[in-house]
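Asks: Just so we're aligned: the sequence shown equals residues 308 to 952 in this note's numbering.
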Amino acid sequence: MRTNVSAARRVPHLDSYELTTLAQQRPLHAALGLTDGEFERIRKLLEREPNHFELAVFSLLWSEHCGYKHSAPLLKRLPSGGERVLQGPGENAGVLDLGEGVAVTFKVESHNHPSAVEPFQGAATGIGGILRDIIAMGARPIALLDGLWFGAPDHQFERAVAGIGGYGNSVGVANVGGTTVFHEAYAGNCLVNAMCVGILDPARLQSAKAQGPGNIVVLYGATTGRDGIGGASVLASQELGEDDADKRPSVQVGDPFTGKKLIEVSVELVESGLVESLQDCGAAGLASSLSEMARDGMGLDVQLDRVPLREDGMEPWEIMISESQERMVAVVRPQMLEAVQAVCARWELECTPIGEVTDHGELRALVDGEPVGSIPASLLTDECPRYEVEQAKPDSWPANATALGEANRADKTWITEQYDQLVGSRTVRRPGLDAGVLRLRPSLRGIAVSLQGPRPGESDPFAAGVQAVLGAARNVACAGGEPIGLTDCLNFGNPEKPEIAYELAQAIEGLARAAEAVGIPVVSGNVSLYNDTNGRAIPPTPVVGCVGLIRDVTRIPNRWRRGDTVALLRGEGAELVRFVWQNAHRFSLAHDVSWGGLAKALHEAATWSGIEADLYVVEGKGPGVIVAYSAEPPDWPRVLELGTV
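1. CA-CA distance, residue 806 and residue 751?
2. Please state if the CB of residue 778 and the CB of residue 901 are separated by a distance shorter than 8 angstroms.
3. With 16 other CB atoms within 10 Å as the buried threshold, where does residue 351 fall?
4. Quick check on residue 456: does DSSP put it in helix, strand or coil?
5. Does residue 942 pass the burial test, meaning 16 or more other C-beta atoms within 10 Å, or should it be called exposed?
6. Tell me the residue span of the beta strand (DSSP E) that contains residue 936.
7. What alpha helix (DSSP H) runs, 4 residues minimum, are completely inside the segment 644 to 677?
8. State the start and end residues of the unbroken beta strand (DSSP E) segment that holds residue 855.
9. In angstroms with no decimal places, state the Cα-to-Cα distance between residue 361 and residue 563.
10. In terms of alpha-carbon separation, which member of 702, 536, 786, 519 lies closest to residue 665?
11. Over the uninterrupted beta strand (DSSP E) stretch that includes residue 572, give me the two end residues.
12. Could you check whether residue 683 and residue 669 sit closer than 8 angstroms to each other, using their CB atoms as the reference points?
13. What does a CB cutoff of less than 6 angstroms around residue 878 pick up in its chain, not counting 5 residues either side in sequence?
14. With DSSP as the reference, label residue 414 as helix, strand or coil.
15. Pick from 392, 363, 417, 660: whose alpha carbon is nearest that of residue 411?
16. Return the chain-ordered list of same chain residues with a C-beta closer than 8 angstroms to the C-beta of residue 814, the five sequence neighbours on each side being excluded.
17. Residue 561: which of 653, 763, 528, 619 sits nearest, CA to CA?
18. Quick one: what does DSSP say residue 373 is sitting in, helix, strand or coil?
19. Do three or more CB pairs link the segment 863 to 873 to the segment 816 to 836 at distances below 8 angstroms?
20. Within a Cβ cutoff of 6 angstroms, which residues of the same chain sit near residue 687, ignoring the five residues on either side of it in sequence?
21. Look at the alpha carbon of residue 479 and the alpha carbon of residue 936, and state the distance between them as a whole number of angstroms.
22. Suppose you measure from the CA of residue 493 to the CA of residue 762; what does that come to, to the nearest Å?
23. Name the one or two DSSP bridge partners that residue 793 has.
24. Quick one: grab the DSSP three-state call for residue 923.
25. Could you give the uninterrupted runs of the beta strand (DSSP E) lying entirely in the segment 693 to 755, keeping only those of 3 residues or more?
26. Once the 5 residues before and after residue 808 are set aside, which same chain residues still bring their CB inside 6 angstroms of it?
27. Does the distance from the CB of residue 417 to the CB of residue 430 come in under 8 angstroms?
28. Is it buried or exposed for residue 895, if we count other Cβ within 10 angstroms and need 16 for buried?
29. For the beta strand (DSSP E) that residue 634 lies in, which residues bound it at each end?
30. Is residue 485 buried or exposed, if buried means 16 or more other CB atoms sit within 10 Å of its CB?
31. Nearest to residue 647 by CA position, among 899, 906, 580, is which residue?
32. Mark residue 701 as exposed unless 16 or more other C-beta atoms lie within 10 angstroms of its C-beta, in which case mark it buried.
33. Quick check on the DSSP output: what are the complete beta strand (DSSP E) runs of length 3 or more inside the segment 337 to 402, in order along the chain?
34. How is residue 444 classed by DSSP in three states: helix, strand or coil?
35. What first and last residue would you give for the beta strand (DSSP E) that runs through residue 897?
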C-alpha cells in the first residue's frame with residue numbers, strides 16, 4: 308500500500324471555525340458521521356493519522372449516501388445483465404442498446420432529505436443532479452419523470468412541485484410522467500425521486516474512469532461556494548429530527564440556466580470527441596467525482612487553488628467537498644484543451660484545468676504546490692466498509708392503508724400542467740395515463756417510460772418490490788412498449804434497525820424476482836436510507852423506473868372511441884405484461900388497474916379519452932389491465948367485458 312506519510316506530517320490540521328467547533332463538541336470523526344470503528348479502520352488503512360482534510364473526504368465517501376455500506380451486499384441480488392446492456396450498475400447511469408445506432412441511458416435518484424428541509428431547492432437540485440448523471444454518459448437528456456410521496460398536498464408539496472417545474476422547464480427537458488402519492492406516513496419525511504432518460508450514439512458512450520497519465524483534469528460549469536457542504540454525510544445519511552432547520556446550509560442551490568449551458572457544452576464536447584471521460588460533480592463534490600475517476604490504478608493530482616470560487620476565504624476541505632451545483636469534471640488530452648476551453652467560452656462557462664491524471668493511484672490535493680491531503684483512491688471506494696446488518700422480521704406489520712382519501716382520488720393535472728411536456732419535440736404521449744412516449748427521430752420508433760412505486764401504505768416489503776416492478780412494466784406495456792430495462796430507487800428507514808434491514812432485503816428480493824419473471828435487467832439505481840423522522844420510519848417504498856421500446860409510435864394505444872368494447876384483463880405478473888405489449892396495436896386504449904381499483908382506473912380512462920362510458924364495475928383484487936377495442940376480443944384466458952363506449 309502506498310502512503311504519503313511525509314505529506315501528512317508537514318500539513319497541519321485545518322483550523323477553520325467549523326471544524327474546530329465540531330472537534331470541541333465531540334470527536335471530529337463522530338461529528339462528521341464516522342463511527343469509532345470506521346475511524347480506526349481509516350488509521351489502519353493509511354498506516355498513520357489522517358489530517359482533518361483527509362478525514363472530511365473519508366466522511367463523505369464512506370457515508371451511506373456515497374458508499375452504500377449497508378446496501379451494497381444486498382444489491383448484488385438484482386439481475387443486471389442482458390443482450391442489450393451496454394452499461395450496468397457502476398457508472399453514473401445504465402445504458403441499453405436500442406439498435407440502429409441509438410442507445411438509451413436512464414437512472415432514478417432521490418433528493419429526499421434536502422426536499423424535507425428546503426422543498427423548492429431540494430427538489431430543483433434533484434432534477435439538476437439526475438440530469439448531470441445522464442450527461443456524464445455522453446447523452447442528451449430528453450425526458451424527466453418524478454415520483455412524489457408527501458403527507459398531503461400542502462405548501463411543502465407545492466414548493467417541491469414548483470422546484471421541479473422551475474428547473475426542468477428552464478433547462479428545456481420534457482417532463483413526461485411519474486407518480487404522486489399522499490399518505491400520512493410521509494408527513495415527516497417526504498420522498499422526491501427524479502428520473503431522467505437520455506439518448507446517445509453507442510460509439511460515444513462515456514465512462515467516469517480517468518485514463519492516460521499526463522491527461523488534464525478540467526472543471527467546467529458554475530463556480531464553487533459553500534452551499535451543500537456535508538450534504539451527503541450530515542444530511543442524507545442521518546435521520547431527521549426537530550433540528551431540521553439547522554441543516555438548511557447543507558441544501559444545495561441550483562441555477563437551471565447554467566444547467567442548460569452545461570447540457571449543451573457537454574453534448575458538444577462528446578460529439579466532437581474532445582473528452583476522454585466525464586463525471587458529474589454532485590454529492591460530496593470534487594471528493595466523490597475525483598475519487599471515482601481515479602480507479603483501476605489511476606491517480607489524480609488536483610490543484611485546489613485553481614478551482615474558481617464564488618466565496619472568499621474557503622478552506623481546502625470546503626473546496627474539496629462543496630456540493631455546489633452545475634459542475635462537471637472532464638479528462639482531456641493536452642492537445643484538446645484549447646478546443647475544450649473555446650467551446651465553454653462560447654457558452655460563457657468557466658473552464659479551468661485543475662489537475663492531471665497520474666499512475667500513482669492516489670488522490671492528491673494540493674494548494675500552492677504543497678499537498679494538503681493524499682489518499683490512495685481505492686481506500687475511498689473499494690475499501691468502504693460493508694455491513695452485513697442484522698435482520699429481524701417484525702411480529703406483525705401495520706395494516707395496509709385501504710382508503711385512498713380525496714387527495715389521492717383528486718385530479719392531478721394541476722401538477723403536470725406546471726411542467727413543460729412538449730419541449731424537445733419528441734413527446735408523442737403526454738403524462739396522465741400510464742407511461743409517457745417519446746419518438747426516436749427521425750424514425751417512427753419510440754420509447755415508453757414510467758415511474759412507479761408500491762400501493763400507498765404497503766407494509767409488506769417483498770410485495771412492495773414486486774408491485775413496483777410489475778406496475779412500472781405494465782405501464783410501459785399499456786403504452787405499447789416492450790419493457791427492456793429497469794432502474795430503482797430504494798427509499799427506506801434506518802438500516803441499522805434490524806426490522807428496517809429486513810424490509811430492505813425483502814424488497815430487493817421482491818424486485819429481483821419480479822425483474823427475473825419479466826426478463827429485464829436492473830441497470831442503474833439509487834439507495835436512500837435513514838428516511839426516519841423522530842424515530843419513525845417511512846413504509847418500505849421501492850420505486851422503479853421502466854423503459855420500453857416501441858416499434859412504431861403511430862400504432863400505440865391512445866383513447867377509447869365510440870362503439871369500442873371495453874374489457875378487463877386479469878392476471879398476475881409477466882405473462883400479462885407480455886400479452887399487453889405484444890397486442891397493443893390492436894387496442895384503442897390500454898390502462899393499468901393498480902392500487903386505486905377498477906372504478907378509479909375507468910374514471911381515469913374516461914377523463915383521458917374525453918368520453919364518458921356507462922360500464923360494469925366488478926369487485927375483485929389484484930392487478931389488471933383495461934383495454935378497449937373495436938375488432939375481435941383479446942385471446943386471453945381471463946377476459947371480462949365491461950360494456951361498450
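Beta carbons: idealized from backbone N, C-alpha and C, even for Gly.
Replies: The answer reads as follows:
1. 49 angstroms
2. yes
3. exposed
4. strand
5. exposed
6. 931 to 936
7. 644 to 653
8. 848 to 857
9. 32 angstroms
10. 519
11. Per DSSP, residue 572 belongs to no beta strand (DSSP E); it is in the alpha helix (DSSP H), 563 to 578.
12. yes
13. 945
14. strand
15. 392
16. 768, 769, 771, 772, 797, 799, 847, 849
17. 528
18. helix
19. no
20. 368, 598
21. 36 angstroms
22. 13 angstroms
23. 829, 853
24. coil
25. 734 to 736, 743 to 746
26. 696, 698, 802
27. no
28. buried
29. 634 to 639
30. buried
31. 580
32. exposed
33. 392 to 394
34. coil
35. 896 to 900
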